[in-house]
Amino acid sequence: MSDQISFDDFLKVDIRVGEIVEADPFPEARKPAIKLRIDFGAEIGVKKSSAQITAHYTPESLVGKQVMAVVNFPPRQIGPFMSEVLVLGLPDADGEIVLIGPDGPVPKGGRMH
Numbered sequence: 001m002s003d004q005i006s007f008d009d010f011l012k013v014d015i016r017v018g019e020i021v022e023a024d025p026f027p028e029a030r031k032p033a034i035k036l037r038i039d040f041g042a043e044i045g046v047k048k049s050s051a052q053i054t055a056h057y058t059p060e061s062l063v064g065k066q067v068m069a070v071v072n073f074p075p076r077q078i079g080p081f082m083s084e085v086l087v088l089g090l091p092d093a094d095g096e097i098v099l100i101g102p103d104g105p106v107p108k109g110g111r112m113h
């Protein structure tokens, strides 16, 4: 178990829902990955991310999918690609990432409570 944090610490992490509008292979990545463009609505706009999710997803299967992401981390350079948000997922039994998203459609940009 991790160290306990305060509720105020939790509120500092801005986790929002976005819709994947573009997904492309990322062959330059050290580990197999997919480059994503995610629309978080009018307030945040479209942001880029790289995700190591090739075991369960193809780029074509991701377009239109709603996912959860941390939107207030600083951008991170991953090879030739600048990742602007951290897409969230959980490991399956083999350690491969399964994306986290709402179980029904919700407005883009909604903040996790």
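According to my numbering, the residues represented by the sequence shown are 1 to 113, in order.
Quick reminder that beta carbons are idealized off the backbone N, C-alpha and C, glycines included.
Everything numeric in this text was worked out from a predicted model, so none of it was measured.
| Query | Result |
| --- | --- |
| What first and last residue would you give for the beta strand (DSSP E) that runs through residue 36? | 34–39 |
| May I ask whether a heavy atom of the ligand HEM can be found less than 6 Å away from the beta carbon of residue 58? | Inclusion of the ligand HEM in the displayed structure is not the case, the ligand content being empty and no account of it being possible. |
| Beta-carbon separation of residue 68 and residue 101 under 7 Å? | yes |
| Pick from 9, 86 and 49: whose alpha carbon is nearest that of residue 21? | 49 |
| In chain order, what residues of the same chain lie with their CB nearer than 8 Å to the CB of residue 112, ignoring the 5 residues before and after it? | 15, 16, 17 and 68 |
| What residue range is occupied by the uninterrupted alpha helix (DSSP H) comprising residue 59? | 59–62 |
| Measure how close the beta-carbons of residue 29 and residue 62 come, nearest whole angstrom, since I'm counting them as under 8 Å. | Going by Cβ atoms, the distance from residue 29 to residue 62 rounds to 16 Å, so no, they are not a contact pair. |
| Compute the Euclidean distance between the alpha carbons of residue 94 and residue 55, then round it to the nearest angstrom. | 10 Å |
| Pull the bridge partners of residue 20 from the DSSP assignment, please. | 38 |
| Could you have a look at residue 81 and say whether DSSP puts it in helix, strand or coil? | strand |
| By DSSP's criteria, residue 111 is part of a beta bridge. Which residues make up the other side? | 16 |
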